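Chemist: Take a look at this one; I'll ask things after.
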Amino acid sequence: MTRILFWVALAFLVVAAVRAKLRANIRRQQEEIAAQARRQAARPPAVTAEPMLCCAHCGMYYPASENVPAGGRDYCSAAHTPAP
Numbered sequence: 082m083t084r085i086l087f088w089v090a091l092a093f094l095v096v097a098a099v100r101a102k103l104r105a106n107i108r109r110q111q112e113e114i115a116a117q118a119r120r121q122a123a124r125p126p127a128v129t130a131e132p133m134l135c136c137a138h139c140g141m142y143y144p145a146s147e148n149v150p151a152g153g154r155d156y157c158s159a160a161h162t163p164a165p
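According to the working numbering, numbering within the sequence shown proceeds without interruption in unit steps and concludes at 165.
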């Protein structure tokens, strides 16, 4: 009878230890996920790329914000626009 109680107690302790270890791992993973979410929330938003245009005179690519339109074409600077 004592051997049966010993094995039952041993099985109970093994199951309890495994469950405790699994609970600790789940808790650690949840903390890591929460920390990662906090880091991503604190990170500044990614800079979006600006469209690039090609100069009709020299063929250089430049940001669309620096565009000098003339005669329906795009130029990188006023020096490259055709003379009127």
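Positions of the beta carbon are idealized from the N, C-alpha and C atoms, including for glycine. Owing to the predicted nature of the structure, the values given are computational and were not obtained by experimental measurement.
Within 8 Å, do at least three Cβ pairs link the stretch 127 to 141 to the stretch 151 to 158?
Modeler: Contact holds: three or more Cβ-Cβ distances are below 8 Å.
Chemist: Figure out for me which residue from Arg-124, Glu-147 and Ile-85 has the closest Cα to the Cα of Glu-131.
Modeler: Start at 1 with the first residue of the sequence shown, and residue 131 comes out as number 50. Glu-131 has its Cα closest to that of Glu-147, out of Arg-124, Glu-147 and Ile-85.
Chemist: If we ignore side chains and look at the alpha-carbon of each, how far apart do Val-103 and Thr-83 end up?
Modeler: Sequence index remark: in the sequence shown, residue 103 carries index 22 (1-based). Sequence index remark: in the sequence shown, residue 83 carries index 2 (1-based). Position check: residue 103 holds Leu in this sequence, whereas Val was assumed. Their Cα atoms are separated by approximately 30 Å.
Chemist: Using a Cβ-Cβ cut-off of 7 Å (strictly less than) and excluding sequence neighbours within five positions of Thr-162, which residues of its own chain qualify?
Modeler: Here residue 162 corresponds to residue number 81 of the sequence shown, with the count starting at 1. Result list for Thr-162: Val-149, Ala-151 and Tyr-156, in chain order.
Chemist: Can you tell me where the alpha helix (DSSP H) with Arg-120 in it begins and where it stops?
Modeler: Walking along the sequence shown from the start, residue 120 turns up at place 39. Unbroken alpha helix (DSSP H) run through Arg-120: 83 to 123.
Chemist: What residue range does the beta strand (DSSP E) around Met-133 cover?
Modeler: Working through the sequence shown from its first residue, we reach residue 133 at position 52. Element bounds for Met-133: 133 to 135.
Chemist: For the putative contact between Pro-126 and Met-133, defined by C-beta atoms under 8 Å, what is the C-beta separation to the nearest angstrom?
Modeler: As a position in the sequence shown, residue 126 is number 45, starting the count at 1. As a position in the sequence shown, residue 133 is number 52, starting the count at 1. Rounded, the Cβ-Cβ distance is 21 Å, inconsistent with contact.
Chemist: Near Val-96, which residues of its chain fall below 7 Å by C-beta distance, leaving aside the five closest residues on each side in sequence?
Modeler: Taking the first residue of the sequence shown as 1, we reach residue 96 at position 15. None.
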